[in-house]
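Residue numbers (full-length UniProt numbering), protein chains in the order written: chain A, 1 to 216; chain B, 1 to 216. Glycine included, every Cβ here is placed at the ideal spot set by N, Cα and C. What follows is a single structure, written as structure tokens, with notes after it.
Number of protein chains: 2
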Amino acid sequence: MKVLVVGANGQIGKHVVSLIQDSEGLEARAMIRKEEQAASFENLGAETAVVDLEDDIKTISKAAEGVDAVVFTAGSGPNTGKDKTILIDLDGAVKTMEAAKAAGVKRFVLISSFDTRREAIQAASESFAPYVAAKHYADEWLKRADLDYTIIHPGRLTNDKGKGQVHAAVEVERNEIPREDVAAVIVASLENEASIGKEFQVVTGNTKIEEAVASI
Amino acid sequence: MKVLVVGANGQIGKHVVSLIQDSEGLEARAMIRKEEQAASFENLGAETAVVDLEDDIKTISKAAEGVDAVVFTAGSGPNTGKDKTILIDLDGAVKTMEAAKAAGVKRFVLISSFDTRREAIQAASESFAPYVAAKHYADEWLKRADLDYTIIHPGRLTNDKGKGQVHAAVEVERNEIPREDVAAVIVASLENEASIGKEFQVVTGNTKIEEAVASI
């Protein structure tokens, strides 16, 4: 299974490409914004595709040609300019969904934020609300997009070493999770078709990642 | 026919309430953000409802109870903080759609911007693109919302006195249009069910507004 990793140069994305290249049955194509980011992925034996998420669907679609799944883990982050929030976190995600469809790719794994329900937009601080709204609409769009989706809602991200154990369910108590474990949850989702059509929150816990994903 | 005008205190909204109150068969309920904006609408004999578009769907829904149609002409404008663009132009519009449905109101007229196609997001300047994207997704959401919609895409808005004559079609050449004429196009759309399920661009032209709307 070949997987296009959108946002490969991000903090989660780098772990995802690395885990995919270490896996048995998966191969990564790292979608990156700049040519100079390519070398580190090529060193892992991964393919690369240089595309900007502000490019059009056709350009993104070319990067998705011949893959079996797309992982979207790009993000402007909550602290970039607000102008990028809607263009990357919402429009970039939706364009990638349309690009996947255009390339005939059905499987789509989206990394969302912990709580993207309507109530969470309302409850968010003024500076965080636009980010939650962008994530909310990206998630809602994917659920209506006729793709084999999985939406992952990780808790507060840390750079701790992965623990390999998580708690995953439709709703869990808010907690931390290392980015490395989020990447492992992504790979476990790709490897388990039972995650298709599901969305779940995930934080550090007591269940092995493969088991946690299988039990969703 | 009673019409909830969302964004009544805006430049187009004021014209809409005034034209509705002058019409034969329509009555307005002006949805406004602040109590002190109520007097001018009450002087026109219009009802008022004080609701903030950042309130929840339930609150907006109460304002829509008992009306036959909703006109959404609120907007953060292209020059407000980018954080408001997604919260008002997209999320405010979508919450109003959901509120209309919750209140059992089927008819929904949305005032969009001139060109909200995907290509227009791409073509827009960096500072304008987030606004176009928010409008794009609001339009797309409405088309999928199971409401009796009309989406109006006016040209460059001016404060000139209304001319009463426009050119309206799916695509027209970009040009100006007085806000007063946009308001008249809204009222003509409310009065003509042939506009249901349609979206059109409109600029100053040579056809009487009622005829132009009827010919869409």
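Inter-residue spacing [alpha-carbon to alpha-carbon] between B/Ser18 and B/Ala188
Computed Cα separation, rounded: 14 Å.
Cut-off 7 Å between Cβ atoms - residues of its own chain near B/Glu98, not counting five sequence neighbours on either side:
For B/Glu98, where only same-chain residues beyond five positions count, the Cβ hits under 7 Å are Ile57.
Mind pulling the chain A residues with CB within less than 9 Å of B/Tyr137?
Near B/Tyr137 (Cβ distances below 9 Å), the residues of chain A are Ile86, Leu90, Asp91, Val94, Tyr137 and Trp141.
Contact check, A/Arg29 vs A/Lys2, beta carbons under 8 Å:
A/Lys2 is positioned such that its CB atom lies closer than 8 Å to that of A/Arg29.
With distances taken from CA atoms, which of B/Asp22, B/Lys106, B/Asp68 and B/Ser113 is nearest B/Asp89?
Measuring from the Cα of B/Asp89, the nearest candidate turns out to be B/Ser113.
Measure the C-alpha to C-alpha separation of A/Leu4 and A/Gly75 and round it to an integer number of angstroms.
Near 16 Å, if we compare the C-alpha coordinates of A/Gly75 and A/Leu4.
Spatial neighbours of B/Lys161 in its chain, beta-carbon cut-off 8 Å, leaving aside the 5 residues before and after
Excluding positions up to five away in sequence, the list reads Pro178 and Glu180.
Cα-Cα separation between B/Ala124 and B/Lys143, rounded to whole angstroms:
A straight-line Cα-Cα distance of about 23 Å links B/Ala124 and B/Lys143.
Please compile the residues from chain B whose C-beta is within a distance smaller than 8 Å of the C-beta of A/Ser127.
Residues of chain B with a Cβ closer than 8 Å to the Cβ of A/Ser127 are, in chain order, Asp83.
Going by DSSP, what residues sit across from A/Met31 in a beta bridge?
A/Val6 and A/Ala49, per the DSSP bridge assignment.
Completely contained alpha helix (DSSP H) runs for the region 95-162 of chain B, where each covers 4 or more residues
Secondary structure within the region 95-162 of chain B: the alpha helix (DSSP H) runs of 4 or more consecutive residues, fully enclosed, are 118-123 and 129-143 (chain order).
Neighbour list for B/Ile121 in chain A, Cβ cutoff strictly below 7 Å:
Contact of B/Ile121 with chain A by beta-carbon distance below 7 Å involves Asp91.
Across the region 202-210 of chain A and the region 163-173 of chain A, are there enough close Cβ pairs to call them in contact, namely three or more that are closer than 8 Å?
Touching, yes.
Give the DSSP bridge partners of B/Ala169, in chain order.
B/Ala169 is bridged to B/Gln201.
Tell me, to the nearest whole angstrom, how far the beta carbon of residue 249 of chain B is from that of B/His153; I am working on the premise that it is less than 8 Å.
Past the boundaries of the shown model lies residue 249 of chain B; chain B is included only from 1 to 216, so the question cannot be answered.
Let me know if B/Asp146 comes out buried or exposed under the rule of 16 or more other beta-carbons within 10 Å of its beta-carbon.
So B/Asp146 counts as exposed.
Between the C-alpha atoms of A/Val105 and A/Tyr149, what's the straight-line distance to the nearest angstrom?
Each residue's CA atom was taken as its position, placing A/Val105 and A/Tyr149 some 11 Å apart.
Say yes only if the C-beta of A/Glu126 is nearer than 7 Å to one or more non-hydrogen atoms of the ligand ADP, and no if none qualify.
With respect to the ligand ADP, the structure offers nothing, as it holds no ligand at all.
For the region 26-57 of chain A, list every residue whose C-beta sits within 7 Å of some C-beta in chain B, in sequence order.
Cβ contacts with chain B come from Asp56.
A/Ala134 CB to nearest chain B CB: under 8 Å?
Residue-level contact check: A/Ala134 touches chain B, since one or more beta carbons of chain B fall below 8 Å from its beta carbon.
B/Ala69: first and last residue of the uninterrupted beta strand (DSSP E) it sits in
B/Ala69 -> beta strand (DSSP E) spans Ala69 to Phe72.
Restricting to Cα atoms, I'd like to know which of A/Val71, A/Phe41, A/His15 and A/Asp68 is closest to A/Ala184.
The shortest C-alpha separation from A/Ala184 is found at A/His15.
Below 6 Å CB to CB, which residues in the same chain sit around A/Gly7 once its five sequence neighbours on both sides are set aside?
Correct list, in chain order: Gly13, Thr73 and Ala74.
I'd like to know whether the C-beta of residue 237 of chain A is nearer than 8 Å to at least one C-beta of chain B.
Nothing in the structure corresponds to residue 237 of chain A, since chain A is present only between 1 and 216.
For a test of the three-state rule: what should DSSP assign to B/Asn193, helix, strand or coil?
Looking at the sequence itself, residue 193 of chain B is Glu, so the reference to Asn does not match. Residue state, collapsed to three classes: helix.
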